[in-house]
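Chemist:
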Amino acid sequence: MGTCRMGEREEKDQLGPEGEGFMVLMKNFEIERLMLVSMGIGMAKAAFDDAVNYANEREQFGQPIGKFQLIQEKITDMAIKIENMQNMVLKAAWKKQNGESVQLDSALAKRYCAQASFEVIDEAMQIMGGLGYTQECRISRMWRDVRHLRIAGGTDEIMVHIAGRKILKDYKARG
Ligand SMILES: Cc1cc2nc3c(=O)[nH]c(=O)nc-3n(C[C@H](O)[C@H](O)[C@H](O)COP(=O)(O)OP(=O)(O)OC[C@H]3O[C@@H](n4cnc5c(N)ncnc54)[C@H](O)[C@@H]3O)c2cc1C
């Protein structure tokens, strides 16, 4: 730790070199973003469980709604998004654990998962119909809660800024 103008007691609590607080914060954001989207994946999986179970049980027109291909299509696309989200986060976590940079990975994961987790929960609500919208059902709570992931920890738009700039820079460096 570098010296600083603060008292000795505060100096030992310093989190990084003096004058580099912004970079410390930015590095921390890379992890925070992966943690945030992990919350989104958890909520998406819970909503998926509820919706699939409901599709097997709820009967309309003499059969479970899960027999309708339009419902099967939703379930299939939700499963693909959950798989994609998990793979992105697990890959980034693996890279971080192995000392690799996750600056790009965390921005891509945040951008994709914040939207995809909301889309999965939104479709889960659709499968559950009117019941999904009520406070009787946890999906309605998750529908609101997960929406904050597109804002907190860096908005969707800022993730595009980080990722787009980094990809272009990397390609330029390759020549
Ligand atoms: C539930 C929740 C929890 C939060 N928790 C925390 C927390 O624990 N700690 C903390 O410090 N903050 C927290 N925040 C704040 C969060 O980080 C900010 O809301 C977020 O960074 C956006 O800042 P802003 O609200 O000032 O929006 P603004 O910066 O005013 O942005 C408004 C809109 O303009 C867009 N925009 C801004 N700049 C650009 C640009 N250069 N290019 C394109 N579009 C742009 C944004 O993407 C957004 O769509 C939390 C927010 C929420 C909703």
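Residue numbers (the numbering used here): 4 to 178. By construction, the Cβ of each residue, glycine as well, lies at the ideal position given by its N, Cα and C atoms.
With a cut-off of 8 Å on the beta carbons, I'd call Ala117 and Gly43 a contact; round off their distance for me.
Modeler: The Cβ separation is near 6 Å, so the contact holds.
Chemist: Quick one: what does DSSP say Met4 is sitting in, helix, strand or coil?
Modeler: Caution is warranted here: a pLDDT of 46 is assigned to Met4, below 50, making its placement in the model unreliable, and no coordinate value can be reported.
Chemist: Enumerate in chain order the residues of its own chain whose CB-to-CB distance from Arg150 is below 8 Å, with the five nearest sequence positions on each side excluded.
Modeler: These residues qualify, in order along the chain: Phe121.
Chemist: So, with DSSP's three-state summary, where would you put Glu21?
Modeler: Looking at Glu21 - three-state DSSP - the assignment turns out to be coil, as it is neither helix nor strand.
Chemist: Heavy atom of ligand 1 less than 7 Å from the Cβ of Ala110, yes or no?
Modeler: No, the Cβ of Ala110 stays beyond 7 Å of every heavy atom of ligand 1.
Chemist: Bridge partners for Glu160 per DSSP, in chain order?
Modeler: Paired residues: none, contrary to the question.
Chemist: Between which two residues does the alpha helix (DSSP H) holding Gln72 run?
Modeler: Counting along the chain, the alpha helix (DSSP H) containing Gln72 begins and ends at 72-100.
Chemist: Could you check whether Ala110 and Pro26 sit closer than 8 Å to each other, using their CB atoms as the reference points?
Modeler: Sequence inspection shows Met at residue 26; the Pro mentioned does not correspond to that position. The answer is no: Cβ separation not under 8 Å.
Chemist: Do the segment 91-111 and the segment 59-77 meet, that is, are 3 or more Cβ pairs less than 8 Å apart?
Modeler: Judged by Cβ distances under 8 Å, the segment 91-111 makes no contact with the segment 59-77, as fewer than three pairs qualify.
Chemist: Less than 8 Å separating the beta-carbons of Leu37 and Val123?
Modeler: Against a cut-off of 8 Å, the Cβ pair of Val123 and Leu37 comes out as no contact.
Chemist: For Gly33, tell me which candidate among Gly157, Ala50, Met46 has the shortest Cα-Cα distance.
Modeler: One point to set straight first is that residue 33 is Glu, not Gly, in the sequence displayed. The option with the nearest alpha carbon to Glu33 is Gly157.
Chemist: Could you tell me the boundaries of the alpha helix (DSSP H) in which Gln129 lies?
Modeler: That run of the alpha helix (DSSP H) goes 106-136.
Chemist: Rounded to whole angstroms, what's the CA-CA distance from Met46 to Met145? Just pull it up for me.
Modeler: Approximately 6 Å, taken between the alpha carbons.
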